[in-house]
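When you line the sequence shown up against the working numbering, it's residues 2 to 485, in that order. We put the CB at the ideal spot given by N, CA and C, even for glycine. Note that the coordinates shown come from a computational prediction; the quantities given were computed from them, not determined experimentally. Worksheet: the structure to be examined is printed underneath.
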Amino acid sequence: MIGQLIAGRYELQELVGTGGMSSVYRARDAVLERAVAVKVLHEHFSDDPEYVERFEREARAIARLNHPNIVTVIDRGEFDGREFIVFEHVSGDTLKALVDREGPLAVPQALAITHQVARGLAFAHEHGVVHRDVKPHNILIDEEGAAKVTDFGIARSLESTEGLTETGALLGTSEYIAPEQASGRPVDERSDQYSLGIVLYELLAGRPPFTGDSFMAVAMKHLQEPVPSVREHRPDVTPRLDAIVGRALAKRPQDRFSSTEAMMAALEAAIADEAVAHAGLNGATQMTEPAAAPPLPPPLGPLAEGRERRPSRRHGLPLPLVVVLLAIGTLALVLALLVAGGGTKSLTGSGASSVRLAAVSDYDPDGDSREHPEAVPLAADRDQATFWTTERYSSFSKPGVGIVLGTSRPVELSELTVTSDTPGFTAEIKGSDSATGGFKTISDEQTIEQSTTFDLQGGSYRYYLVWITDLNGRAHINEVRAKS
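Structure below.
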């Protein structure tokens, strides 16, 4: 079909993939003069009403899913008796090809990709669509590192009353299929959550947890065998992340996360952990996260039966004298501080202390919801030479765009310092207990210089947003530092 002009508009230029139901071509839209992707139903399925309906349903499902982490459908129709769907062209590669080429991914990269896919799936679930075939082959990674979910060929409405046969319930790819889907039971968003958990496992371990010689052999493993800990393959995976994978891969849907949004929140916490851990390797700033409890002392040796262990008696000053001496010493320290002009803040420790922030996500609610997500970790990596960047703007006509930073728990910050090698743009700081919205302005707007400190007033929050309100060109955030 190379060289054919479909519907008088789409010129097929290159075959880029073939599946069980259809083939995908890179094509040129002659009307809008742009690259597109065209999926064409295989000829031998064109006379099968069930396959035609499934193909058309994919177009209907994606047509109402306008999200930056879902491949956009542009058009659909029929040409020479064959159904076709036109999608946006994503210049990049599949996630499967990336893993096959590079092996296990770095933990921050695996988390960032999984979080983006979860965002797309959560949007689909919100609009009543469950994908049912989430796997690395159906996730595209564009040239900027953004993940996009594609191939909703066996997607199903959560409120489906469509009259397709239930053979579709057993469709899917064996390595990624949820137990309830493998056994022909009803599926919902938690089934996609299971498949995404398998994807995350593969990104970390370099392979899915279950493989076999046949579809049924692998499906039975999903139904019966416990999922091995990903830490067996990746000791650098934190217990929190291992627990996230384990919960997403629970055999019973009710034991998984209550929603895809809940799984996203858990992933965000793991992303923050990784950023804090990375910062710990590159600096020695005080952390706000409480230190781990000290290990329990080793057990005491066995006691002779019928005897009690008595505390050892230490010889020293009598207790009343110790109290008097401590009081005198404290009073002397207070007087010394007051005389020196230090006040009592130095004694109480109420002076500002550094707080580690982790770069969590880009934030562009009034645009395309994507602002260089692949560069987000660079805004808090303790390296002034690296940076997160906005897109390039010749005119800035939206309320703002920014980057979200977070702490491991809510903390009241007194100041936040932004360094940038592109001074001249304006910004303010906002706070929220959610990384995805509900932000409240807690600083004055300032013009960013090479180093700009914002005084914060507004309470305790877990997430802080550097909200850029005006710029010409690009804005770089090289580092963000904070004090409580």
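Give me the residue from the options with the minimum Cα distance to residue i.
i                : options                        : result
aspartate 134    : Asp382, Ala111, Glu190         : Glu190
valine 361       : Ser444, Leu112, Asp143         : Leu112
serine 215       : Ser196, Arg208, Thr174         : Thr174
arginine 35      : Arg10, Glu57, Tyr52, Arg58     : Arg10
arginine 463     : Lys431, Thr470, Thr390         : Lys431
glutamate 275    : Leu379, Phe397, Pro209, Val131 : Leu379
alanine 183      : Arg61, Met221, Pro69           : Met221
serine 398       : Ile63, Thr261, Asp471, Thr423  : Asp471
glycine 368      : Arg393, Asp143, Tyr26          : Arg393
lysine 252       : Gln225, Gln451, Glu145         : Gln225
threonine 390    : His373, Ser396, Arg383, Asp384 : His373
valine 53        : Ile86, Ala249, Gly247          : Ile86
serine 409       : Asp365, Arg482, Ala271, Asp384 : Ala271
isoleucine 443   : Gln451, Phe455, Glu450         : Phe455
phenylalanine 56 : Val91, Gly20, Glu89            : Gly20
alanine 267      : His223, Gln194, Arg475         : Gln194
serine 196       : Arg248, Arg232, Phe88          : Arg248
Rounded to a whole number of angstroms, what is the C-alpha to C-alpha distance between residue i and residue j?
i              : j             : result
aspartate 49   : alanine 359   : 53 Å
leucine 417    : serine 433    : 15 Å
serine 1       : methionine 2  : The structure shown does not extend to residue 1, since the chain spans only 2 to 485, so no value can be given for it.
leucine 141    : valine 39     : 15 Å
aspartate 81   : leucine 205   : 45 Å
alanine 386    : glutamate 44  : 55 Å
arginine 29    : glycine 78    : 16 Å
isoleucine 178 : valine 108    : 23 Å
valine 118     : alanine 263   : 14 Å
arginine 61    : valine 131    : 13 Å
leucine 106    : aspartate 237 : 12 Å
isoleucine 7   : glycine 18    : 18 Å
valine 246     : glutamate 89  : 31 Å
valine 25      : isoleucine 63 : 16 Å
Taking buried to mean at least 16 other C-beta atoms within 10 Å of its own C-beta, is residue i buried or exposed?
i              : result
asparagine 67  : exposed
glycine 438    : exposed
glycine 401    : buried
aspartate 422  : exposed
glutamate 480  : buried
lysine 149     : buried
valine 32      : exposed
aspartate 487  : Residue 487 cannot be examined here, being either before or after the span of the chain that is shown, 2 to 485.
serine 396     : exposed
glutamate 103  : exposed
methionine 217 : exposed
What do you reckon, are the CB atoms on residue i and residue j nearer than 7 Å?
i                 : j             : result
histidine 495     : threonine 95  : Nothing about residue 495 can be read from this structure; the chain reaches only from 2 to 485.
threonine 420     : threonine 448 : no
alanine 273       : glycine 407   : yes
phenylalanine 153 : glutamate 59  : yes
isoleucine 199    : proline 209   : yes
glutamate 269     : alanine 436   : yes
aspartate 143     : valine 100    : no
leucine 457       : valine 405    : no
glutamate 12      : arginine 27   : no
glutamine 451     : proline 411   : no
arginine 65       : histidine 126 : no
alanine 483       : valine 277    : no
serine 354        : serine 485    : yes
arginine 371      : alanine 147   : yes
Can you determine whether any heavy atom of the ligand ZN sits closer than 6 Å to the C-beta of residue i, and answer yes or no?
i           : result
proline 229 : The model on display carries no ligand, and the ligand ZN is accordingly not part of it.
Task: Cβ contact check for the stretch 122-136 and the stretch 77-93: 3 or more pairs under 8 Å - done: no
TODO: Check whether the stretch 207-224 touches the stretch 254-267, taking contact to mean three or more Cβ pairs, one atom from each stretch, closer than 8 Å.
DONE: no
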